[in-house]
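Data block below; observations after.
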């Protein structure tokens, strides 16, 4: 075939495997098989094929697009016609981002921030409030501007500690708390995190703020700071609690609702297409032990790739994600060690002629992955002339080897040293795997330097991502895994090595994750071998891990909080106002 001339294997249907009859392949793969381990009782999916296709999609996308364009123009005219002071400008930018509208106003925001930093003597300017200072620091750093932590010097005493008198400034304390998450390694500003958190909690206990502010503070302290949040998944909450009444703010709010409804409609269509593909693959019906989590994986993809232009990326990575989940479950709970050795060898060879050595359930899984990955490589080569297949197949092979190592530790009842576990977990976490596929999907100018870093895990940005992604997963899932007797878990390894309690080990991991976040933050403001668009996806990937595992295992166990967020993103549109009501 033509594709062989390019060095890209053709996609192979599961009914075309050599020496394997279609009848045999379609047998129930669970029959006559004794699982390697006792499978955990994962809940069946709440989001079935029927549920997905019943999602109401009654809104006219064309009408929404027209209304959004009209509102955007009115908002721009109002913003451009208003001479805003720095604080008002910063608060407006913050509103735009939190309402989920950054993609519409990115050009305006960039120009506005450039004007702000060009103000004469900006570096030496002292603002009137802690709130404004913290907002300047957080927004400028988030957008890649170099801002010194010395901007907070006027709020510190002679010993470099924050002054006690600012502790009653609720708005200032909340802004300081949010800003502290943009700290870089070696900066003393991180002290502001504990300082502001402690005083905010005291003020809440003392009822020293009104009910609306108390709820706002509680939401931040009990959840994630905005810097660690997934912008698209938190926009609905901000829309629901937005209470600013200036004319441009009301228009902005209505635009946010239209945008949310429009994106929701797109997500529903994307998900229905994915569901048809997954139904046709038929893997979940044959491998009944696996976690069928298509909707959760799609929402995960929304968290990583929220931009409208990344719709194809969301679709591709959702397919890859559900296949990884079943692959993980084969290694983690179902395959025997001998079978897993053979399975890993087949992935390393990437050759369908070797599948005769595998049991049926592994043949089905391998062929589904083989077809999907080869199809992806073909599409990328067809569209852009880039042969990414060797790098994609290596990432699958490396992932299987990492999964196999964890299975061996479990089988042999070995608790690995923490450093050895983490080195393997950098791969088994799938963060590098995801980023390798993402790099070829979204990056225009592919470089050997970046490919080398992705395939060899030799860049500190990537190591920080892999560490946070792994640890956030383990913090959310470890209780269940410890109960099942798992040994390939970072918390188990660290407790065994140090003799610390689980609670102390968890606290250490949270401290370690904050350290790695400080390293990530520097790539917001410094250049590297990675394009800025890719760095943003890298950070979104870390944020997505926090979202999924913040309240425990939001993936395998499907906790209520995560499920409710998913439902709100997919099912409940905002009621829109009449044109005249918005513009009064």
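Numbering (full-length UniProt numbering), first residue to last: 1 to 584.
Every residue gets a Cβ at the ideal spot worked out from N, C-alpha and C, and that includes glycine.
Per-residue burial, residue i [other beta carbons within 10 Å of its own, 16 or more giving buried]
{"i": "residue 437", "result": "buried"}
{"i": "residue 32", "result": "Legend: pLDDT at residue 32 = 38, less than 50; position of this residue unreliable, no value from coordinates given."}
{"i": "residue 28", "result": "The pLDDT assigned to residue 28 is 36, lower than 50, so where the model puts this residue is not dependable; a value taken from the coordinates is nonetheless given after this. That one is exposed."}
{"i": "residue 164", "result": "exposed"}
{"i": "residue 540", "result": "buried"}
{"i": "residue 575", "result": "exposed"}
{"i": "residue 131", "result": "buried"}
{"i": "residue 306", "result": "buried"}
{"i": "residue 374", "result": "buried"}
{"i": "residue 526", "result": "exposed"}
{"i": "residue 120", "result": "For residue 120, the predicted model reports a pLDDT of 44, less than 50, meaning its position is unreliable; a value from the coordinates is still stated below. Flag for residue 120 reads exposed."}
{"i": "residue 288", "result": "exposed"}
{"i": "residue 572", "result": "exposed"}
{"i": "residue 565", "result": "buried"}
{"i": "residue 424", "result": "buried"}
{"i": "residue 141", "result": "buried"}
{"i": "residue 56", "result": "exposed"}
{"i": "residue 570", "result": "buried"}
{"i": "residue 207", "result": "exposed"}
{"i": "residue 276", "result": "exposed"}
{"i": "residue 53", "result": "exposed"}
{"i": "residue 259", "result": "buried"}
{"i": "residue 293", "result": "buried"}
{"i": "residue 282", "result": "exposed"}
{"i": "residue 159", "result": "exposed"}
{"i": "residue 416", "result": "buried"}
{"i": "residue 360", "result": "buried"}
{"i": "residue 285", "result": "exposed"}
Supposed close pair residue i, residue j - CB separation, criterion 8 angstroms
{"i": "residue 101", "j": "residue 253", "result": "Not quite, the Cβ-Cβ distance comes to about 10 angstroms (not below 8 angstroms), so this is no contact."}
{"i": "residue 316", "j": "residue 435", "result": "Actually they do not touch by this definition, with Cβ atoms about 14 angstroms apart."}
{"i": "residue 279", "j": "residue 452", "result": "Actually they are not in contact, since the Cβ atoms of residue 279 and residue 452 sit about 39 angstroms apart, beyond 8 angstroms."}
{"i": "residue 143", "j": "residue 113", "result": "6 angstroms"}
{"i": "residue 92", "j": "residue 84", "result": "7 angstroms"}
{"i": "residue 71", "j": "residue 265", "result": "At roughly 17 angstroms, the Cβ-Cβ gap does not stay under 8 angstroms, so residue 71 and residue 265 are not in contact."}
{"i": "residue 466", "j": "residue 454", "result": "Not a contact, Cβ separation roughly 11 angstroms."}
{"i": "residue 520", "j": "residue 461", "result": "7 angstroms"}
{"i": "residue 238", "j": "residue 178", "result": "13 angstroms between Cβ atoms; not a contact."}
{"i": "residue 217", "j": "residue 174", "result": "6 angstroms"}
{"i": "residue 187", "j": "residue 149", "result": "5 angstroms"}
{"i": "residue 358", "j": "residue 347", "result": "11 angstroms between Cβ atoms; not a contact."}
{"i": "residue 531", "j": "residue 443", "result": "6 angstroms"}
{"i": "residue 319", "j": "residue 372", "result": "6 angstroms"}
{"i": "residue 74", "j": "residue 251", "result": "5 angstroms"}
{"i": "residue 478", "j": "residue 491", "result": "5 angstroms"}
{"i": "residue 63", "j": "residue 518", "result": "Actually they are not in contact, since the Cβ atoms of residue 63 and residue 518 sit about 46 angstroms apart, beyond 8 angstroms."}
{"i": "residue 303", "j": "residue 544", "result": "4 angstroms"}
Those residues which DSSP pairs with residue i across a bridge
{"i": "residue 156", "result": "162"}
Segment limits, alpha helix (DSSP H) that includes residue i
{"i": "residue 411", "result": "389–411"}
{"i": "residue 146", "result": "Note, residue 146: premise wrong, no alpha helix (DSSP H); not H, not E."}
{"i": "residue 586", "result": "Nothing can be reported for residue 586, as the shown portion of the chain is limited to 1 through 584."}
{"i": "residue 177", "result": "170–180"}
{"i": "residue 56", "result": "Premise fails: residue 56 is in no alpha helix (DSSP H) and is neither H nor E."}
{"i": "residue 90", "result": "86–98"}
{"i": "residue 437", "result": "431–442"}
{"i": "residue 522", "result": "502–525"}
{"i": "residue 420", "result": "418–428"}
{"i": "residue 128", "result": "Careful: residue 128 lies outside any alpha helix (DSSP H) and carries neither H nor E."}
{"i": "residue 309", "result": "From DSSP, residue 309 is part of no alpha helix (DSSP H); its letter is neither H nor E."}
{"i": "residue 547", "result": "532–549"}
{"i": "residue 111", "result": "102–117"}
{"i": "residue 571", "result": "560–571"}
{"i": "residue 287", "result": "Looking at the DSSP string, residue 287 is not in any alpha helix (DSSP H), and its letter there is neither H nor E."}
{"i": "residue 648", "result": "Shown here, the chain extends from 1 to 584; a query on residue 648 therefore has no answer."}
{"i": "residue 294", "result": "294–304"}
{"i": "residue 577", "result": "Segment: none, residue 577 is in no alpha helix (DSSP H) and carries neither H nor E."}
{"i": "residue 498", "result": "490–498"}
Below-7 angstroms beta-carbon distance, residue i vs any chain B residue
{"i": "residue 324", "result": "Although the question refers to chain B, the structure presented lacks it and comprises just one protein chain."}
Jot down the residue ranges of each uninterrupted beta strand (DSSP E) in the region 337–395, minimum 3 residues, whole runs only, in chain order. The qualifying runs do not exist here; there are none.
My parser needs the alpha helix (DSSP H) runs of 4 or more residues fully inside the region 173–241; what are they? Counting whole runs of 4 or more residues, the region 173–241 contains the alpha helix (DSSP H) stretches 191–205, 211–222, 231–241.
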